[in-house]
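Before any comments, here is the structure.
There are 2 protein chains.
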Amino acid sequence: MNKFTECTFPLKNVRIKDEFWNRYTNLVREVILPYQWNALNDRIPDAPPSYAVRNLRIAAGVEEGEYQGLVFQDSDMAKWLEAASYSLAVQPDETLESQVDEIIDLIGKAQLPDGYMNTYYIVKEPGRRWTNLWECHELYCAGHLIEAAVAHYEATGKRKFLDIMCRFADHIDSVFGPEPGKKRGYPGHEEIELALFKLYRVTGEERYLNLALFFINERGKTPYYFDVEAEERGWVHHWAHKGQRPSQTKEYNQYHLPVREQKKAVGHAVRAVYLYSGMADAALETGDEELGDACRTLWNNITGRQMYITGGIGSTHIGEAFTFDYDLPNDTVYQETCASIGLLLFSRRMLQLEKHGKYADVMERALYNSILSGIALDGNRFFYCNPMEVWPEASEKNPCRRHIKPERQKWYGCACCPPNIARLLSSIGGYIYSRDGNTIYTHLYIGSELEAELDGEKVILAQKTDYPWDGEVTIQVMGITEKEFDLALRMPGWCDQASLKINGEECSIGYRLRDGYIHIERTWTNGDTIVFQMEMKPQLIQAHPQVRANAGRAAIQRGPVVYCLEEVDNGKNLSAISISHDIRLDAYRDAALPGNAVAVRGQGMRINDSLWDENELYRPLQLNVTPVTIKAVPYFMWGNRGIGEMLVWIRCQ
Amino acid sequence: MNKFTECTFPLKNVRIKDEFWNRYTNLVREVILPYQWNALNDRIPDAPPSYAVRNLRIAAGVEEGEYQGLVFQDSDMAKWLEAASYSLAVQPDETLESQVDEIIDLIGKAQLPDGYMNTYYIVKEPGRRWTNLWECHELYCAGHLIEAAVAHYEATGKRKFLDIMCRFADHIDSVFGPEPGKKRGYPGHEEIELALFKLYRVTGEERYLNLALFFINERGKTPYYFDVEAEERGWVHHWAHKGQRPSQTKEYNQYHLPVREQKKAVGHAVRAVYLYSGMADAALETGDEELGDACRTLWNNITGRQMYITGGIGSTHIGEAFTFDYDLPNDTVYQETCASIGLLLFSRRMLQLEKHGKYADVMERALYNSILSGIALDGNRFFYCNPMEVWPEASEKNPCRRHIKPERQKWYGCACCPPNIARLLSSIGGYIYSRDGNTIYTHLYIGSELEAELDGEKVILAQKTDYPWDGEVTIQVMGITEKEFDLALRMPGWCDQASLKINGEECSIGYRLRDGYIHIERTWTNGDTIVFQMEMKPQLIQAHPQVRANAGRAAIQRGPVVYCLEEVDNGKNLSAISISHDIRLDAYRDAALPGNAVAVRGQGMRINDSLWDENELYRPLQLNVTPVTIKAVPYFMWGNRGIGEMLVWIRCQ
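Taken in sequence, the protein lines are chains A and B. 4 is the number of the first residue of the first sequence in our numbering; add one for each residue after it. 4 is the number of the first residue of the second sequence in our numbering; add one for each residue after it.
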């Protein structure tokens with residue numbers, strides 16, 4: 004059995020039963036998937052068309068026309084198929100299933116006899132396939148299609164899509180690899196690595212594992228493959244003009260060094276974390292310690308140096324990229340939703356490699372903040388870039404901040420994020436639990452029912468909680484008569500006080516705590532109940548002093564949720580607000596917020612600007628502040644109540 | 004007589020005798036002009052070539068070759084000629100004069116029989132002249148050449164260059180204007196307006212005045228001329244590809260509205276302030292009140308809403324442009340040196356229109372801060388962009404800050420700023436004094452000797468001062484026996500305490516103070532001496548609370564000089580430093596600084612970062628600061644002691 008299957012539970016075995024999360028899983032089924040289906044079919048008024056389904060129909064020969072949209076439009080459709088499959092795994096839906104089947108039929112028709120499948124190259128540049136891995140996302144699209152096929156097979160048991168994609172993967176395997184006559188290429192946008200691990204796990208075919216390992220290990224070797232292929236095609240470029248070398252650096256695509264030698268996260272953030280996720284998969288499946296160390300180094304670099312407090316990454320929109328250690332500007336931030344999802348994927352894989360709560364802490368941080376921020380509460384508007392502070396007039400009038408949209412958009416010409424959120428939300432059940440031998444780990448606190456099998460015996464864990472608004476979690480063990488196993492509960496990094504009761508009896512946590520998990524080893528009997536109580540109070544958080552953008556500032560966090568100020572609650576000019584380091588912050592259920600969410604309030608100060616003369620811009624300093632009540636709301640909810648300013652890092656004295 | 008001549012003194016009549024400024028005037032003659040001569044002749048190793056002289060030689064038919072460099076390279080040569088002429092006006096220099104004459108000969112040879120002169124169009128696109136005013140800087144180059152010719156004539160009395168340029172201006176006048184058959188065009192980059200006013204003043208030819216007024220008044224009328232000419236040439240673009248509309252807006256070139264209706268400074272900052280300077284010239288010469296009001300509105304908008312504390316303008320490098328009110332980011336600032344010079348030119352003209360100290364305050368603010376910052380203390384390195392905070396690693400690794408150079412450069416491919424600084428420094432004597440009937444105004448405190456003529460009688464004012472390091476100014480009236488006139492001394496906006504002595508006797512200032520000037524009306528006798536003492540102490544300055552970037556921050560200013568922190572004095576990570584609002588700041592002569600300049604020191608605090616764990620990026624807030632002595636140096640001197648961090652706006656509690 005592969006290592007991954009050993010340490011995970013199938014998505015089908017986890018039922019979400021949670022007020023907070025069922026809102027999202029319902030939204031996926033009722034709003035997000037239908038909305039995105041319309042988007043992929045170019046039926047959203049006043050939104051950039053996707054062309055994804057149309058391109059596929061043309062490739063399949065059922066429609067006439069020309070390819071339109073970006074070179075990687077297939078991937079949007081693939082991510083939607085993956086999301087739809089996860090949804091079907093937990094809840095049947097005839098309409099959805101028929102839409103999915105319709106697309107799979109078209110993919111089958113479009114696929115060429117040798118297994119190749121990519122609508123751009125089939126329709127627009129036949130004969131030029133595999134000539135520009137650097138720029139044209141061919142392996143990236145293949146990866147998303149493969150992931151979708153695996154998800155579809157696991158959800159429905161139907162093999163059609165999986166077989167189509169196995170033929171495609173076999174074709175790819177015939178083209179790339181270390182053997183003489185094969186191309187020594189690797190993807191310009193990493194992603195297929197992850198997909199091939201999944202395909203290997205579901206089919207058991209080692210050639211998919213080996214192909215994934217080849218892509219990972221070949222990366223960064225000299226001569227650089229992207230130069231070799233560019234030379235071969237006469238330096239014709241997809242994005243730039245002929246003869247003009249694109250401005251992208253080797254770091255942009257993470258091929259500046261062999262992966263084991265990479266110490267800092269660089270370049271396009273999504274590509275980076277997809278690569279690192281693949282590396283972690285490889286380390287898990289092969290036990291390659293050197294690769295595992297490289298993953299740890301890169302994960303530490305990201306989370307210890309280059310991650311926003313919201314779990315987002317990517318400090319610049321230019322290249323959608325990492326910049327350098329401690330450079331986390333709030334005003335020109337990028338923090339793409341896909342990158343946050345990628346960091347969650349990477350952290351999840353690190354957790355499989357090494358059971359340590361810090362990985363789940365980052366998963367949770369990204370999930371409850373920068374990822375959920377990417378989608379409107381009503382499910383049909385999306386952020387690509389998730390800012391840390393918003394001044395709508397600056398977004399409009401200062402070109403350096405034009406990428407920062409003050410409201411979620413209907414769709415994007417490059418619409419990678421919306422279906423990526425959909426597939427994450429619809430597979431959220433897969434991130435809650437994992438296993439290691441006789442230990443069942445609970446990583447996330449989400450009301451749910453896990454059906455696990457331990458030594459051939461069924462165990463049910465029923466988790467109940469009002470997380471993230473409340474820190475109490477109840478877990479009941481069911482479905483057994485008597486069974487010995489270790490139940491490990493994550494002690495979140497944000498929590499400094501917690502209590503544990505087993506069947507009503509207070510238990511000490513201290514000696515049970517190892518690497519961020521409270522281990523409860525005992526012989527369980529049916530109905531045994533744990534109550535884990537994490538004290539959840541609003542806290543002021545500071546960033547490392549080297550983060551220049553946040554010097555003299557604090558952010559409010561309660562549990563895993565980062566808070567922000569919005570203009571609708573606090574008036575214009577949020578930068579004029581400051582708080583004291585000993586501010587008393589009160590958390591309360593706010594009926595005015597969707598889902599009766601928890602808001603935070605306290606007494607702050609606001610710089611008084613009423614005493615300034617017209618046209619006076621500078622003058623000798625006089626302190627002049629007015630007390631104000633500040634109200635902070637969960638960051639992920641921002642921008643759901645009209646356009647206005649937003650601020651995460653508040654001046655603090 | 005024109006209004007301008009009525010209210011100014013010829014440059015020749017002002018001798019600079021000043022420790023601070025003679026350093027610069029000597030530098031101009033001994034270092035800057037020779038260095039820039041070499042740059043224009045492509046003789047600076049490892050610097051981008053200018054091609055300016057080479058293009059001229061090709062146009063003149065004395066060298067073979069192709070035009071190289073940007074379309075407006077002529078203007079760099081023109082500004083150098085203007086700077087050289089100002090220098091010759093106050094100090095003869097045979098080598099320099101022969102270099103100037105050599106260039107003027109070439110210009111004469113290059114000029115076409117009908118008077119046209121522009122090396123780009125003569126060499127590279129003959130037959131396409133005046134087809135793309137929008138983008139190709141043809142009138143801009145003409146303007147700089149005309150300004151140079153006027154300066155040369157005034158300096159040397161030689162008419163050759165002036166005559167060449169009169170022929171060119173006559174040609175332009177034959178092409179553009181309101182008359183039937185003429186083009187109703189105006190410059191894409193404003194500048195010729197200023198030049199034509201100068202040409203009118205020196206020649207007395209009203210057609211130059213009328214052409215300037217035409218360019219100003221035609222601007223922004225519909226149909227937009229730039230659309231008309233683009234249509235005529237089939238939308239061929241100089242910077243973009245054929246058929247592709249450039250991304251520039253109408254605001255970028257200030258033709259979105261007729262000039263009288265423009266209320267806010269918009270678009271490319273240099274173009275804007277050159278236009279407004281021309282408008283102020285027009286208001287002065289014609290008495291057009293509506294135009295004067297437009298100038299006041301625009302000047303107020305800039306200085307009351309869009310100006311950095313250093314007197315710089317341009318909040319974004321994208322389009323080198325204004326953004327919007329109170330948007331003055333420190334990290335992505337542009338603040339081009341040319342724009343600061345342009346604001347000085349505009350303010351100088353406002354001062355001619357309306358004697359109010361606020362205009363001279365802004366002149367002085369730009370001069371001692373963002374303008375002098377543009378040139379290294381040794382005279383041969385230059386800033387294009389003048390940042391408000393520098394983190395060298397960010398300049399290198401965060402593309403949003405790549406335009407912010409942490410050190411002055413040898414030259415630029417687009418080298419507008421270096422010769423612009425040269426012409427400003429070499430004509431500084433022209434900004435110190437002006438007159439209004441029987442009143443002699445002193446705007447700037449610079450050691451100098453003015454030879455004025457009042458009602459046909461000669462009056463000499465001998466000004467002595469150690470400004471900007473010391474606030475004491477002595478002015479002695481000489482060259483007369485007895486004469487009644489009004490001597491008006493500017494009371495700077497930064498000064499809140501001053502004293503005045505006439506011939507040793509203390510005089511009250513209050514009743515003499517009108518619109519920022521202390522008026523001393525009396526019958527002067529030879530040797531009468533005024534001692535004006537401005538108390539000069541370091542002050543903390545705050546920005547308007549709407550300037551979000553500076554909320555909770557203060558800048559240090561002493562007299563007209565803005566200060567900054569540098570890494571060389573204060574260590575790495577300047578953002579970790581904060582000061583108290585009641586900090587005691589001591590000013591002292593610092594022998595370690597060039598020119599024994601005044602530095603400022605005081606006790607601040609620094610966030611302690613020694614107690615953070617490896618890989619810890621966020622944690623609950625704990626105040627933990629260490630007292631530190633901070634040292635601030637004049638902003639204009641920054642970056643003269645190696646590469647390092649710099650910060651103007653310091654966190655302040």
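Every residue, glycine too, gets a C-beta built ideally from N, C-alpha and C. No experiment lies behind these values; they were computed from the predicted model shown.
Inter-residue Cα distance where the pair is residue i and residue j
{"i": "B/LEU453", "j": "B/ILE219", "result": "34 Å"}
{"i": "A/PHE535", "j": "A/GLY605", "result": "28 Å"}
{"i": "B/GLU203", "j": "B/LEU294", "result": "A small fix is needed here, since residue 203 of chain B is Tyr in this sequence, not Glu. C-alpha separation (whole angstroms): 19 Å."}
{"i": "A/ALA491", "j": "A/ILE125", "result": "50 Å"}
{"i": "A/PHE75", "j": "B/GLY562", "result": "60 Å"}
{"i": "B/ASP589", "j": "B/ARG162", "result": "54 Å"}
{"i": "B/TYR255", "j": "A/ASP593", "result": "46 Å"}
{"i": "A/VAL636", "j": "A/LEU43", "result": "33 Å"}
{"i": "A/GLY322", "j": "A/ARG368", "result": "24 Å"}
{"i": "A/ALA92", "j": "A/LYS15", "result": "6 Å"}
{"i": "B/GLU357", "j": "B/PRO13", "result": "20 Å"}
{"i": "A/MET310", "j": "A/ILE316", "result": "5 Å"}
{"i": "B/CYS10", "j": "B/LYS186", "result": "34 Å"}
{"i": "B/GLY433", "j": "B/VAL17", "result": "7 Å"}
{"i": "B/LEU142", "j": "B/ARG384", "result": "28 Å"}
{"i": "B/LEU577", "j": "B/ALA557", "result": "14 Å"}
{"i": "A/ASP117", "j": "A/ARG170", "result": "8 Å"}
Cβ separation of residue i and residue j, assumed to be a contact under 8 Å, to the nearest whole Å
{"i": "B/LEU278", "j": "B/GLU196", "result": "7 Å"}
{"i": "B/ASN41", "j": "A/THR319", "result": "The pair is not a contact, with the Cβ atoms about 37 Å apart (cut-off 8 Å)."}
{"i": "B/ALA379", "j": "B/ASN643", "result": "6 Å"}
{"i": "B/CYS655", "j": "A/LEU624", "result": "7 Å"}
{"i": "B/ALA397", "j": "A/ASP330", "result": "6 Å"}
Residue i, DSSP secondary structure in three states
{"i": "A/TYR520", "result": "strand"}
{"i": "B/ALA225", "result": "The residue asked about is misnamed: residue 225 of chain B is Thr in this sequence, not Ala. Three-state result, B/THR225: coil."}
{"i": "B/TRP40", "result": "helix"}
{"i": "B/ILE107", "result": "helix"}
{"i": "A/SER280", "result": "helix"}
{"i": "A/LEU543", "result": "strand"}
{"i": "B/MET494", "result": "coil"}
{"i": "A/TYR621", "result": "strand"}
{"i": "B/VAL476", "result": "strand"}
{"i": "B/TYR591", "result": "strand"}
{"i": "A/TRP527", "result": "strand"}
{"i": "A/THR629", "result": "strand"}
{"i": "B/SER343", "result": "helix"}
Status (buried if at least 16 other CB within 10 Å, exposed otherwise) for residue i
{"i": "A/TRP652", "result": "buried"}
{"i": "B/GLY450", "result": "buried"}
{"i": "B/GLY555", "result": "buried"}
{"i": "A/LYS361", "result": "buried"}
{"i": "A/LEU503", "result": "buried"}
{"i": "B/THR28", "result": "buried"}
Length-filtered (4 minimum) alpha helix (DSSP H) runs lying within the region 386-468 of chain A
DSSP runs (the alpha helix (DSSP H)) wholly in the region 386-468 of chain A: 395-400 and 420-429.
Minimum length 3: unbroken beta strand (DSSP E) runs contained in the region 130-191 of chain A:
Runs of the beta strand (DSSP E) inside the region 130-191 of chain A: none found.
Hey, which unbroken runs of the alpha helix (DSSP H) at 4 residues or more fall wholly within the region 69-118 of chain A?
With a minimum length of 4 residues, the continuous alpha helix (DSSP H) runs that stay inside the region 69-118 of chain A are 76-93 and 97-113.
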